[in-house]
Amino acid sequence: MQEQSFELVLSGVPYLVKAAPFSFNGETRFKVRYNNSDEHIFTWDSGLGRLAAIDDDAGLIPDDLENAIAGRLQAGK
Numbered sequence: 001m002q003e004q005s006f007e008l009v010l011s012g013v014p015y016l017v018k019a020a021p022f023s024f025n026g027e028t029r030f031k032v033r034y035n036n037s038d039e040h041i042f043t044w045d046s047g048l049g050r051l052a053a054i055d056d057d058a059g060l061i062p063d064d065l066e067n068a069i070a071g072r073l074q075a076g077k
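Numbering (our numbering) for the sequence shown: 1 to 77.
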């Protein structure tokens with residue numbers, strides 16, 4: 001997998017997302033930034049059944065944005 005960039009517009013707010021995959025303990029995770037934000041780490045969450053942010057600041061990501069990013073990353077596999 002390669003680094004990817006994509007644009008999202010949610011509730012009229014544009015987001016430019018950059019995601020870079022990396023391997024950690026045999027699983028693929030993603031370093032994600034949006035609109036020049038700090039980096040967030042996305043990994044598979046079996047409880048949610050989708051990718052989710054797991055870093056300390058993950059709670060700062062709007063829920064609709066986290067879901068949209070997860071959907072795009074999963075579709076790109």
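From the three backbone atoms N, C-alpha and C, an ideal C-beta is built for every residue, glycine too.
Quick check on DSSP: helix, strand or coil for Asp64?
The answer is helix: DSSP assigns Asp64 an H, G or I state.
Exposed or buried, Ile61, counting other C-beta atoms within 10 Å across all chains shown (16 or more means buried)?
Per the 10 Å Cβ criterion, buried.
Using DSSP's beta-bridge definition, name the partner residues of Glu82.
Lying outside 1 to 77, the shown extent of the chain, residue 82 is not represented and no answer is given.
Which of the three DSSP states, helix, strand or coil, is assigned to Gln4?
In this structure, Gln4 counts as strand in the three-state DSSP scheme.
For Leu10, which residues does DSSP report across the bridge?
Paired residues: Val13.
Determine the extent of the beta strand (DSSP E) in which Ala52 is found, giving its start and end residues.
Unbroken beta strand (DSSP E) run through Ala52: 50-53.
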